[in-house]
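Take the sequence shown: its letter number 193 is residue 193 in full-length UniProt numbering, and every next letter is one higher.
Glycine included, C-beta positions come from ideal geometry on N, C-alpha and C.
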Amino acid sequence: MQDDRMYDEKELEKSWLISYSDLFTLLFVIIVIVAAAHSSRLSAQMENVKKAEAAQQESMKTAIASKEILDLQKLQLQREVAQLEAKRDALVSMGSQPQTAAQEQQTEDTAPLASETVKGQLAEALKTMNVPFTETEEGISIRLAENVTFSSGSAELKEEGAQQIDAIATVLQRFEQPVRIEGHTDDQPIVHSSYPSNWELSGARAFAVMRRLVDHDGLPAARFVVAGLGDSKPLVDNSNEENRALNRRVEIIIVTREP
1 MQDDRMYDEK ELEKSWLISY SDLFTLLFVI IVIVAAAHSS RLSAQMENVK KAEAAQQESM
61 KTAIASKEIL DLQKLQLQRE VAQLEAKRDA LVSMGSQPQT AAQEQQTEDT APLASETVKG
121 QLAEALKTMN VPFTETEEGI SIRLAENVTF SSGSAELKEE GAQQIDAIAT VLQRFEQPVR
181 IEGHTDDQPI VHSSYPSNWE LSGARAFAVM RRLVDHDGLP AARFVVAGLG DSKPLVDNSN
241 EENRALNRRV EIIIVTREP
């Protein structure tokens, strides 16, 4: 009888040990499952962080590249301005040398003939194009309208405008007179453009025309003087859109006589 009681007590002790062991195993399994789930979420979060960092770095690279391009364009424009100003000063210096009475008389006699010749050549070269030109105190002024030559707020030549300039170049190649290129705008503030003001836009357009004549058509850069005049010299008042369209232009002036 005593032996039976001892046997029951031992069995009871074993049953408690088994229950405790099962509980420990269950807790361990739960901990493993929770850790695995947490690890999965952490991995997903880390992946999202990496993607966000990569996108931010790419955005920064794009912004830096855009700034570098703008800086290079600005530097190139400054160099071109400096070169053209030096050539202009040289031409002005040469032109300021005193002429003899015979030379002055010869200039006065040949100026009308040169203007008439240039007008005739232009009329032939531009007969299929709607490009007006007029005689001025200096010589011949050729007017390129904005709607044909450039898009609104842009200094990039359109194809039709480039063709007009190439036709004018065929006439300029036959003469040696100096040429002044003037950019003009209306008086409306610039909206949605790469240029902060009408002055910069008009100058950039004048440079674009000159570059076409020099780089594509082979004319010597020393012949040209370029100016951006903004809205300072309108053809007509800016009271309506039709008039403003007339004022947005680039003029190529062939100087055949002193003003």
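Handout entry: Three or more C-beta pairs below 8 angstroms linking the segment 166 to 185 and the segment 247 to 256
Key = yes
Problem - Every unbroken beta strand (DSSP E) within the UniProt domain "OmpA-like" (137 to 258), with a cutoff of 3 residues, ordered by chain - result: 139 to 145, 179 to 184, 224 to 228 and 249 to 255
Problem - Cβ-Cβ distance between Leu212 and Leu157 below 8 angstroms - result: One point to set straight first is that residue 212 is Arg, not Leu, in the sequence displayed. For Arg212 and Leu157, yes; Cβs fall inside 8 angstroms.
Problem - Span separating the alpha-carbon of Asn240 from that of Pro234 - result: Their backbone Cα atoms lie some 13 angstroms apart in a straight line.
Practice task
For the beta strand (DSSP E) containing Thr134, list its first residue and its last residue.
Solution key: Phe133 to Glu135
Practice task
Grab me the residues of Asn147's own chain with a C-beta within less than 7 angstroms of its C-beta, minus the 5 sequence neighbours each way, in chain order.
Solution key: Ala245
Exercise for the section: Have a look at Ile168, Ile140 and Pro189 and flag the residue whose alpha-carbon is nearest the alpha-carbon of Thr128. Expected result: Ile168
Practice task
Kindly indicate if chain D contains any beta-carbon less than 8 angstroms away from that of Arg180.
Solution key: Checking the listed chains, one finds no chain D in this structure; it contains a single protein chain.
Practice task
Report yes if the CB atom of Ala155 is closer than 8 angstroms to the CB atom of Leu201, and no otherwise.
Solution key: Leu201 is positioned such that its CB atom lies closer than 8 angstroms to that of Ala155.
Practice task
Evaluate contact between the segment 214 to 225 and the segment 189 to 197, counting only Cβ atoms and requiring at least three cross-stretch pairs below 8 angstroms.
Solution key: no
Handout entry: Three-state secondary structure (DSSP) of Thr128
Key = Reduced to three states, the DSSP call for Thr128 is coil.
Problem - Separation of Lys119 from Thr134, as counted between CA atoms - result: 8 angstroms
Handout entry: Nearest residue (CA-CA) to Gln177, options Pro189, Asp217, Glu85 and Thr117
Key = Thr117
Problem - Nearest neighbour of Ala204, chosen from Gly153, Ala123 and Pro189 [CA to CA] - result: Gly153
Exercise for the section: Determine the burial state of Gln188: buried for a count of at least 16 other Cβ atoms within 10 Å of its Cβ, exposed for fewer. Expected result: Exposed, because fewer than 16 other Cβ atoms sit within 10 Å of the Cβ of Gln188.
Exercise for the section: Output the distance between the C-alpha atoms of Asn243 and Ala145, rounded to the nearest integer angstrom. Expected result: 12 angstroms
Problem - Candidates Ser115, Arg143, Val179 and His192, of which the one nearest Met210 by Cα - result: Val179
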